[in-house]
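Okay, structure first, notes after.
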Amino acid sequence: MDIIEGIMTRRSIRHFTGELISDEQLDTMLRAGFQAPSAHNCQPWEFIVLRDKEKLKHIKEFHKYAKMIEDAGTAIVVCGDKNRQERIGFLVSDTSAAIQNMLLTAHGLGLGAVWCGIYDQPSLVDNFTEILNLPENILPIGMVVVGNKIKDRSIQDRYDENKIHYDAW
Ligand SMILES: Cc1cc2nc3c(=O)[nH]c(=O)nc-3n(C[C@H](O)[C@H](O)[C@H](O)COP(=O)(O)O)c2cc1C
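The sequence shown runs 226 to 394 under my numbering.
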């Protein structure tokens, strides 16, 4: 699959076979995360790989939109280091670019993945900070839940020329 096809056909996948992704697939996804652009090339991301069943079950209890996490079997919590990037807008942008790189890579590998939001929902930020034992300077931004998908989802064409403006609004 080339990069344009990957972007055009990616969908959030929330139903998984239960078979875990391989270490090699995980490594490719992580490497893709590190390749994201970042403001001033600060690369303020940190990645926490979750595969522990008890931890996944625990997350399912407090994140009502991440119920698929147990079936997926793997999640990557993407955090931002406030010491490396002090501006929260840039921190969120940089880590979000890393998340999108990983979602597209999962799709390119034939896996299913979904972005689960963390920041800026205070209770989720607090819960993740506690269960992952995050230091004060590390902010959990989002989580990529990834696994082997049961089936593909249909492609959506969201192109809307009314939202495109040339030279001014
Ligand atoms: C910041 C952000 C947070 C999201 N949080 C969740 C979530 O917690 N659970 C979930 O199932 N999907 C979540 N999504 C995925 C969106 O629901 C999904 O991208 C959207 O419905 C469009 O569908 P698509 O990804 O298939 O194109 C999130 C997406 C973004 C960008």
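Glycine included, every Cβ here is placed at the ideal spot set by N, Cα and C.
By the C-beta density criterion, G372 is buried, having at least 16 other C-beta atoms within 10 angstroms. Collapsing the DSSP output to three states places K374 in a strand. T354 sits in a helix when the DSSP states are folded into three classes.
Of the candidates G298, R378 and V303, the residue whose Cα lies closest to the Cα of D248 is G298. DSSP places D319 in the uninterrupted alpha helix (DSSP H) bounded by I313 to G333. Taking the Cβ atoms as the reference, E295 lies roughly 10 Å from K280, outside the contact range of under 8 Å.
With a cutoff of 6 Å, S237 counts as near ligand 1, since its C-beta is closer than that to a heavy atom of the ligand.
The Cβ atoms of V302 and P360 do not sit closer than 7 Å to each other. Just measuring C-alpha positions, the residue of I273, E244 and H265 sitting nearest G258 is I273. According to the DSSP assignment, I273 belongs to the beta strand (DSSP E) that extends over W270 to L275.
For T242, no beta strand (DSSP E) encloses it, and the DSSP letter there is neither H nor E.
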